[in-house]
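See structure below.
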Amino acid sequence: MADDGNRPVVELFVKAAVDKMKNGGCPMCHRYFMIFYILRERGLIDLIVTTFLPESPPKEVLDFSNGKRFPLVKVQKGVDGKGRDISGLECDTVDEIEALIERFNCDDMRSRKESAAEATAEKTFEDLYMKFCQFLKSQNNDPTSIIKVLEKIESHLASNDGEMYMTGNNMAKADCYLLPVLQHVRVAGKAYKNFEIPTEMHRIWNYLKHAYDSDAFQESCPADREIITQYNNKASCQPQVPLGKSTLMGEERTFSIPDQKMKAYDHDDY
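Residues in the sequence shown are numbered consecutively from 1, following UniProt numbering.
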């Protein structure tokens, strides 16, 4: 851990919400918000999160990017885990952001190349978001492809001997990849296709409960309205909540865990 004077100050630029202040519904932005928040919790960085819309990117973004894609990262000052100065480092691709994360030497943020447990966890859900987007675009409401991936996640969690997250009791990179997608499946899936994560998937619900209780997820999760509007003109149908009304939903976020799901989990035997 770098001393306070050399601790990196990382500025993360993410898509803004409709209020132009909070973070919007981009799942990739949510992913890296969580990752950098956890690095901050571990004392490895100080974090600044700046939101912007692609039609009005700030000057500091235009200095190293066209402002049309998210997320972006700039290190304002500090040194990495090996004491090398990374002041002024700019990242405008996912590969560059991932390379920066590796430089902080955080065990919980090891890549699938560095950790067999991480690789196994990521493999269970690697096509979930693709299948979810296909489901929203399709003319039918058959969720079979999504259910199959959720079943793999459920099975993986069942094999974890009661641990809270995908690779253990600490939130790891796999969780930062999966949880934003699960939240989109839950919120946008319900809004557009009346899809719900099956009640009998008790371990997924318990997994979500732990995530909803964490600061990393609470601080980074966009409002439901942002997740719903993320798929405007991308889904084959209109949301059950009209987009005009969704913008009036305020900062409501779906963090509830229905009682019957947790009761079923509590009485389930491994």
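Built from N, CA and C at the ideal position, the CB exists for glycine as well.
**Message:** For Glu163, would you say it is in contact with chain C, using Cβ-to-Cβ distances shorter than 8 angstroms as the test?
**Reply:** Of the protein chains in this structure there is only one, and it is not chain C.
**Prompt:** Taking C-alpha atoms, which residue in Asp95, Leu47 and Arg103 lies nearest to Ile86?
**Reply:** Residue 86 sits at position 86 when you count from the first residue of the sequence shown. For Ile86, the nearest C-alpha among the options comes from Arg103.
**Request:** Find out if the Cβ-Cβ distance for the pair Ile38, Asp107 is shorter than 8 angstroms.
**Result:** For the purposes of this step, residue 38 is taken as the residue at position 38 of the sequence shown. For the purposes of this step, residue 107 is taken as the residue at position 107 of the sequence shown. At the C-beta level, Ile38 and Asp107 stay beyond 8 angstroms of one another.
**Message:** Pop quiz: Ser138 and Ser56 are said to be a contact at Cβ under 8 angstroms. What is the actual Cβ separation, rounded to whole angstroms?
**Reply:** Working through the sequence shown from its first residue, we reach residue 138 at position 138. Working through the sequence shown from its first residue, we reach residue 56 at position 56. In fact, because the Cβ distance is near 34 angstroms, the residues do not count as touching under 8 angstroms.
**Item:** Chain-order list of residues whose beta-carbon lies under 8 angstroms from that of Glu98 (same chain, five-residue window excluded)
**Value:** For the purposes of this step, residue 98 is taken as the residue at position 98 of the sequence shown. Excluding positions up to five away in sequence, the list reads Ser111.
**Request:** Please work out which residues of its chain come closer than 7 angstroms, Cβ to Cβ, to Tyr231, disregarding the five sequence neighbours upstream and downstream, and give them in chain order.
**Result:** For the purposes of this step, residue 231 is taken as residue 231 along the sequence shown, with counting starting at 1. The beta carbon of Tyr231 lies closer than 7 angstroms to those of Leu136, Ala188 and Tyr192 in the same chain, with the five residues before and after it left out.
**Request:** Kindly indicate which three-state DSSP category Ile35 falls into: helix, strand or coil?
**Result:** Position 35 of the sequence shown, counted from the first residue, corresponds to residue 35. Note: Ile35 maps to helix in three-state DSSP.
**Message:** Taking the beta carbon of Ala116 as the centre, do at least 16 other beta carbons fall within 10 Å, making it buried, or is it exposed?
**Reply:** Position 116 of the sequence shown, counted from the first residue, corresponds to residue 116. Exposed, by the Cβ-count rule.
**Item:** Proximal residues to Asn105 (C-beta, below 7 angstroms), its chain only, five neighbours per side dropped
**Value:** Your numbering for residue 105 matches position 105 in the sequence shown. Result list for Asn105: Gly81, in chain order.
**Asked** Any idea what DSSP makes of Cys106, helix, strand or coil?
**Response** One-based indexing of the sequence shown puts residue 106 at position 106. Coil at Cys106, not helix or strand.
**Prompt:** CB Asp46 to CB Val94, shorter than 8 angstroms?
**Reply:** For the purposes of this step, residue 46 is taken as residue 46 along the sequence shown, with counting starting at 1. For the purposes of this step, residue 94 is taken as residue 94 along the sequence shown, with counting starting at 1. No. Outside cutoff.
**Message:** Taking 8 angstroms as the threshold (C-beta atoms), are Val14 and Phe36 in contact?
**Reply:** Taking the first residue of the sequence shown as 1, we reach residue 36 at position 36. Taking the first residue of the sequence shown as 1, we reach residue 14 at position 14. Not closer than 8 angstroms, so no.
**Message:** In the DSSP assignment, the beta strand (DSSP E) including Glu11 goes from what residue to what residue?
**Reply:** The residue you call residue 11 lines up with position 11 of the sequence shown. First-last of the beta strand (DSSP E) with Glu11: Val9 to Lys15.
**Anticipated Cβ contact below 8 angstroms, Thr51 with Lys22, distance rounded** = Against the sequence shown, residue 51 aligns to sequence position 51. Against the sequence shown, residue 22 aligns to sequence position 22. Rounded, the Cβ-Cβ distance is 7 angstroms, consistent with contact.
**Asked** Which one or two residues does DSSP pair with Asp85 in a beta bridge?
**Response** In the sequence shown, the residue the question calls residue 85 occupies position 85. For Asp85, which the question treats as bridged, DSSP gives the partners Val79.
**Request:** Please find out if some non-hydrogen atom of the ligand FMN comes closer than 7 angstroms to the beta-carbon of Leu179.
**Result:** The ligand content of the structure shown is nil, which means the ligand FMN is not present either.
**Asked** What's the gap between the Cα of Thr229 and the Cα of Gly83?
**Response** Here the question's residue 229 lines up with position 229 in the sequence shown. Here the question's residue 83 lines up with position 83 in the sequence shown. Each residue's Cα considered, the two are about 42 angstroms apart.
**Message:** Quick check on DSSP: helix, strand or coil for Gly250?
**Reply:** Within the sequence shown, residue 250 is the residue found at index 250, counting from 1. Residue state, collapsed to three classes: coil.
**Asked** Where Leu208 and Ile101 are concerned, what is the direct C-alpha to C-alpha distance, given to the nearest angstrom?
**Response** The sequence position of residue 208 within the sequence shown is 208, counting from 1. The sequence position of residue 101 within the sequence shown is 101, counting from 1. Distance between the alpha carbons of Leu208 and Ile101 is about 25 angstroms.
**Request:** Could you pull the start and end residues of the alpha helix (DSSP H) that Ile146 belongs to?
**Result:** On the sequence shown, position 146 is the one that residue 146 refers to. Looking at the DSSP string, the run of the alpha helix (DSSP H) that includes Ile146 is Thr144 to Ala158.
**Phe52, enclosing beta strand (DSSP E) - first and last residue** = Within the sequence shown, the letter at position 52 stands for residue 52. Counting along the chain, the beta strand (DSSP E) containing Phe52 begins and ends at Asp46 to Phe52.
**Request:** Starting from Lys20, follow its DSSP beta bridges and name the residues at the other end.
**Result:** Start at 1 with the first residue of the sequence shown, and residue 20 comes out as number 20. For Lys20, which the question treats as bridged, DSSP gives no partner whatsoever.
**Item:** Three-state secondary structure assigned by DSSP to Lys234
**Value:** Locating residue 234 in the sequence shown gives position 234, counting from the first residue. It is coil, neither helix nor strand.
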